[in-house]
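The next block holds one structure in the form of structure tokens; read it before the comments.
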């Protein structure tokens with residue numbers, strides 16, 4: 244049972260720790276792990292969809308479309324992802340506000356950028372100044388998800404583009420010989436077969452995404468890094484019932500262990516998935532499985 | 027103030043020379059380009075030192091990882107797992123607060139809390155972890171015939187390593203190592219947003235880009251400038267490593283066709 248936490252100064256040892264670790268702020272801290280997991284779960288499919296679109300654009304036979312797709316893939320390589328994160332989160336916000344500004348206040352004249360300020364009319368503000376607190380937080384989180392998805396969509400596009408090229412040419416030729424149209428061959432032959440070539444790259448991408456998730460902190464979301472800094476800082480008795488020294492090191496050690504465990508578990512799960520997908524495929528991995536099965540039987 | 031004056035005032039601002047006060051109003055394109063470029067000095071410093079020192083440690087760790095003795099193999103495996111399995115961002119934070127608490131107890135830990143030493147140390151260990159994994163893969167991919175030929179010539183120990191194992195490993199690992207170098211230089215942008223303070227506003231390129239974006243509320247100027255600088259760095263690394271591959275593969279036929287940079291966008 245939990246000890247009685249009403250008078251923390253009288254507590255000591257383990258019961259103090261138990262009370263300390265269940266304060267309201269700590270519950271927020273634990274909740275922020277949910278925020279991070281939610282970000283990963285929402286971002287991964289959105290980024291995959293963007294990546295699929297990007298890869299399709301890049302292999303389009305219409306030259307300008309292909310350039311757009313290739314540029315989307317190429318530009319993320321030369322520049323650190325953190326730069327994109329910081330750029331997009333402001334740029335998206337301003338872009339949305341500017342669009343709303345043009346629609347809602349058409350008779351407002353004067354430039355939007357004024358010296359050191361970005362000015363739109365009140366009705367175009369996002370979120371509106373009278374919006375509830377949860378809407379502010381949800382809007383910030385949505386911007387962060389979109390930013391992550393755009394950056395990781397480009398990574399995914401490059402992986403999927405490579406995977407589409409890796410599907411043996413003979414498969415597509417066979418499809419054409421059967422009289423399939425270009426679209427039919429793409430959806431019925433290329434797409435089902437490319438996943439096994441894409442999976443190593445996508446697994447790696449998932450691990451990179453997991454390791455990029457603490458950057459949420461820089462996008463202004465109250466995530467685990469935010470709370471670890473907040474809770475770990477030294478507290479004096481005037482402001483809290485649980486005074487302590489600078490414990491940020493221990494909080495970040497905890498986060499470090501959390502991420503180590505998370506990546507390890509992901510690796511194990513992805514390994515299993517890979518083994519299942521290569522089963523029966525005419526590639527080296529599938530061949531090795533077949534031989535191992537034969538060896539086991541003999 | 028002309029652009030030349032700005033260049034004189036701010037070109038070495040990130041190191042603490044020149045004009046003390048950063049511009050606060052009427053930002054010109056020249057000021058932004060100069061200050062962000064000045065910050066790049068730090069990025070180049072972090073990247074170059076970490077890459078150079080990390081290379082040596084990475085080779086040692088990779089050799090330990092592939093050695094027969096479990097007393098060497100296990101710790102090397104843990105080292106690689108620790109630095110590859112956790113985010114660099116969290117490593118920076120943890121290291122900074124660790125150094126901060128060491129500083130209170132020991133005198134020698136004093137410089138560790140400043141970026142020039144502390145952040146370089148973290149980057150050095152991090153890149154050593156990633157490169158060690160690359161080199162481990164390359165060590166295991168050395169053709170057995172090469173090693174047997176070395177044995178046949180009577181090469182053993184250090185001579186065999188220096189003349190056969192090491193050059194072959196380097197040749198095999200080179201494309202992946204080029205990528206690692208690019209990612210390392212990109213990772214240097216994290217230093218001043220992850221705990222380490224920019225004392226007297228002496229920060230890296232991202233620090234100044236953020237400064238301008240905050241002041242002007244216009245991200246469309248400083249961040250593209252920053253991106254341009256990083257693209258230049260990336261292209262220079264590719265060029266330098268291409269020269270390196272020319273030297274590594276100079277005994278092979280048609281050296282120009284040998285090495286194709288196989289670009290990955292992810293680490």
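Protein chains in written order, with this note's numbering: chain C, 244 to 541; chain Z, 27 to 293. For each residue, glycine too, the CB sits at the ideal point set by N, CA and C. These numbers come from a predicted model, not from an experiment.
Query, Result
"Residue 226 of chain Z lies in the alpha helix (DSSP H); which residues open and close that run?", "Neither: residue 226 of chain Z is in no alpha helix (DSSP H) and is coded neither H nor E."
"In its own chain, which residues sit with a C-beta less than 6 Å from the C-beta of residue 234 of chain Z, not counting the 5 before and 5 after it?", "61, 62, 65"
"Looking at chain C, which residues of the stretch 111 to 139 of chain Z have a Cβ within less than 8 Å of any of its Cβ atoms?", "111, 112, 113, 114, 115, 116, 117, 119, 120, 123, 124, 126, 127"
"Using a Cβ-Cβ cutoff of 7 Å, what residues of the stretch 329 to 345 of chain C are near chain Z? List them in chain order.", "329, 330, 333, 334"
"Please identify the residue among Z:101, Z:81, Z:207, Z:124 whose C-alpha is closest to the C-alpha of residue 495 of chain C.", "Z:124"
"Compile a chain-ordered list of the residues in the stretch 215 to 226 of chain Z whose CB is closer than 8 Å to at least one CB of chain C.", "215, 216, 219"
"Should residue 277 of chain Z be labelled buried (16 or more other beta-carbon atoms within 10 Å of its own) or exposed?", "exposed"
"Below 8 Å between beta carbons: does that hold for residue 101 of chain Z and residue 330 of chain C?", "no"
"Quick one: is the Cβ of residue 471 of chain C within less than 7 Å of any heavy atom of the ligand HEM?", "Ligands are entirely absent from the displayed structure, and the ligand HEM is therefore not among its contents."
"Mapping the DSSP letters down to three states, classify residue 356 of chain C as helix, strand or coil.", "strand"
"Is it the case that the Cβ atoms of residue 361 of chain C and residue 337 of chain C are separated by a distance below 8 Å?", "yes"
"With 8 Å set as the bound, which would you pick, yes or no: does the beta-carbon of residue 277 of chain Z sit closer than that to a beta-carbon of chain C?", "no"
"Residue range of the alpha helix (DSSP H) that residue 186 of chain Z falls in?", "183 to 186"
"On the three-state DSSP scale, how would you describe residue 482 of chain C?", "coil"
"For chain C, check one thing: does any of its Cβ atoms lie closer than 8 Å to the Cβ of residue 236 of chain Z?", "yes"
"According to DSSP, which residues form a beta bridge with residue 361 of chain C?", "C:356"
"With DSSP run on the structure shown, which of helix, strand or coil describes residue 487 of chain C?", "strand"
"So the candidates are Z:164, Z:139, Z:41; which of them puts its Cα closest to the Cα of residue 118 of chain Z?", "Z:139"
"Rounded to the nearest angstrom, what separates residue 484 of chain C and residue 151 of chain Z at their Cα positions?", "39 Å"
"Note down, in chain order, every chain C residue with its Cβ under 9 Å from the Cβ of residue 244 of chain Z.", "333, 337, 356, 359, 361"
"Can you name the residues of chain C whose CB is closer than 9 Å to the CB of residue 232 of chain Z?", "323, 325, 326, 329"
"I'd like to know if the stretch 452 to 471 of chain C and the stretch 108 to 122 of chain Z are in contact, where contact means that at least 3 CB-CB pairs between them fall below 8 Å.", "yes"
"Around the Cβ of residue 43 of chain Z, are there at least 16 other Cβ atoms within 10 angstroms (buried) or fewer (exposed)?", "exposed"
"If you measure between the beta carbons of residue 489 of chain C and residue 127 of chain Z, is that distance less than 8 Å?", "yes"
"Using C-beta distances below 7 Å, list every residue in its chain close to residue 195 of chain Z, excluding the 5 sequence neighbours before and after it, in chain order.", "161, 164, 165, 168"
"Considering only the alpha carbon of each residue, which of Z:175, Z:260, Z:68 lies closest to residue 207 of chain Z?", "Z:260"
"Along the stretch 480 to 512 of chain C, what residues have a CB closer than 7 Å to any CB found in chain Z?", "489, 491, 492, 495, 496, 498, 499, 502, 503, 506, 507"
"Taking Cβ to Cβ, would you say residue 445 of chain C is nearer than 8 Å to residue 402 of chain C?", "yes"
"If you drop the 5 nearest sequence neighbours on each side, which residues of the same chain put their C-beta closer than 7 Å to that of residue 227 of chain Z?", "48"
"In chain C, what lies closer than 7 Å to residue 252 of chain Z by C-beta?", "326"
"Given 8 Å as the limit, is there contact between the stretch 314 to 329 of chain C and the stretch 420 to 430 of chain C, that is, 3 or more CB pairs closer than that?", "no"
"Compare the C-beta of residue 244 of chain C against all C-beta atoms of chain Z and say whether one is closer than 8 Å.", "Note that residue 244 of chain C has pLDDT 48, beneath the 50 cutoff, so the model's placement of it is unreliable and the number below is only indicative. By this cut-off, residue 244 of chain C is not an interface position."
"Using DSSP with H/G/I as helix, E/B as strand and the rest coil, what is residue 368 of chain C?", "coil"
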